[in-house]
Amino acid sequence: MIENDVKSMIAEVFNDIAEGVKSGSFKKKVRIGLTILGSEHGVEEMVKAAELAKNKYEDFEVVLIGPKVEGDFTIVEANTAEEGHKKMVELLEQGKIDGCVTQHFDFPIGVSTIGRVITPAKGRDLIISTTTGTTSTNRVEGMVINAISGISVAKALGIKNPKVGILNIDGARQVERILNELKSSGYNFEFCESLRADGGSVMRGNDLLAGTPDVMVCDSLTGNLLIKIFSSFSTGGNYETIGAGYGPGVGENYDKLINIVSRASGAPLICEALKYCAVCAKNKLLDLAREEFKQANKAGLKEIISKNTKEKANTSKEEVKMPPKKVVTYAIAGIDILELEDACKALWKEGIYSESGMGCTGPIVLVNEEEGEKANEALIKAGFKA
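Structure follows, in structure tokens:
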């Protein structure tokens, strides 16, 4: 059966050559697979997506993986979703397809997907890094690596100097500090400034709606929730229409271009997911990611992460005597919520009374007005602020 599929693909290659002779260009179209079993909307919806892509875009071809269906498509037959994944991997490894769009694929630890949405406020493309998968079992380390993966995808999409924002969630300030150190050590990228008056590279909800950065860094669970909301907020939640899906799986040495869509994704979104995959295939995303990680590692990525995530591991267990209580009205922002308790203890060790709190932009450390400057210096020295 697979022999017939291969023969069909060979015939298409000759068609490409004929077209190349006719047009004067011998550039081969990329071939993007689409597994068509497993959708909550049925096989017909997946075929409809392929037809939309075929009619809308002429720069790539779609290869269907699943049961025989009507239509002018190359079909690699599979009877179950699991068999479809097996055939997909085989085709990728043999070079018969350049990438594939599928649902619910199990990536190894270290690989996560980079989603792409259209923001409602300004209709801007926003890359959400990441949306499925587990980059690292350490949240902060995972988000730092997600930033590099997101930059790789942005470059594959033609953004030469992508601007990076960090979503204001647990771990954001630690991620910001590590990325700043990585940048100072030679890894070249740009932070984005929040559209809010107080600015900064830690993004607010408003920045999500407006699409302020090119790459929004977050953990996969948050990203998964965001992309579901962005893609189906106008349809009631059970049919995803907007954006280009959960995106390609990216990791330091990952070697297969596999883009994810949800089982709730509808044909309009899957059509754009196919285009997203095709652009990543044409522009050699996997090679770009390898180079990006090479540059980050050259700047000391692993050492900087290790130093910043393990150095204070036992601080919270240390017994530190609290200084005499004072009136605290001076707020110090920029401390991650995961480090708030340790930051207060670091000030106590310096004889500065402090309390933790929550401001409108996130966690804060409160000290006496007269000790504000001293406290800021102590927190920078202790590594809690950049």
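The working numbering runs 1 ahead of the 1-based position in the sequence shown. Backbone N, C-alpha and C define an ideal beta-carbon position, used for all residues, glycine too.
The Cβ atoms of Ile128 and Ile115 lie closer than 8 Å to each other. Nearest C-alpha to Gly172 among Leu341, Tyr58 and Ile261: Leu341.
Burial is judged here by how many other beta carbons sit within 10 angstroms of a residue's own beta carbon; Glu292 has fewer than 16 and is exposed. In the structure shown, Pro249 adopts extended strand secondary structure according to DSSP, grouped into three states. In this structure, DSSP gives Arg125 a state outside helix and strand, which the three-state scheme calls coil. Residues Ile128, Pro163, Asp215 and Val216 of the same chain have their beta carbon placed closer than 8 Å to that of Ala155, with the five preceding and five following residues left out of the count.
Taking every protein chain shown into account, the CB of Asn169 has 16 or more other CB atoms within 10 angstroms, so this residue is buried. Taking Ala268 as the centre and dropping the five residues before and after it, the same chain places the C-beta of Glu46, Lys49, Ala50 and Leu53 closer than 7 Å to its C-beta, in chain order. Pairing Val165 with Cys193, the inter-Cα distance amounts to about 5 Å. Taking C-alpha positions only, Tyr277 is separated from Ala245 by approximately 7 Å. Taken in chain order, the unbroken stretches of alpha helix (DSSP H) that lie wholly in the region 101-177 and span 4 residues or more are 140-157.
Here DSSP, grouped into helix, strand and coil, assigns Leu65 to strand. Here the C-alpha atom of Ile261 lies approximately 38 Å from the C-alpha atom of Ile365. Only residues of its own chain outside the window of five on either side were considered, and among them Thr242 have a CB closer than 7 Å to the CB of Thr236, listed in chain order.
Secondary structure of Thr236 (DSSP, three-state): coil. Of all C-beta pairs linking the region 247-261 to the region 200-207, fewer than three are shorter than 8 Å, placing the two stretches out of contact. For a cut-off of 8 Å, the C-beta gap from Gly301 to Ser186 is around 5 Å, short enough to register as a contact.
Counted as a single uninterrupted DSSP element, the beta strand (DSSP E) harbouring Gly34 occupies residues Val31 to Thr36. Using a C-beta cut-off of 8 Å, the region 64-80 makes no contact with the region 105-120, since fewer than three inter-stretch Cβ pairs fall below that distance. Between Ile33 and Asp99, the CB-CB gap stays under 8 Å. For Val48, the enclosing alpha helix (DSSP H) starts and ends at Val44 to Lys57.
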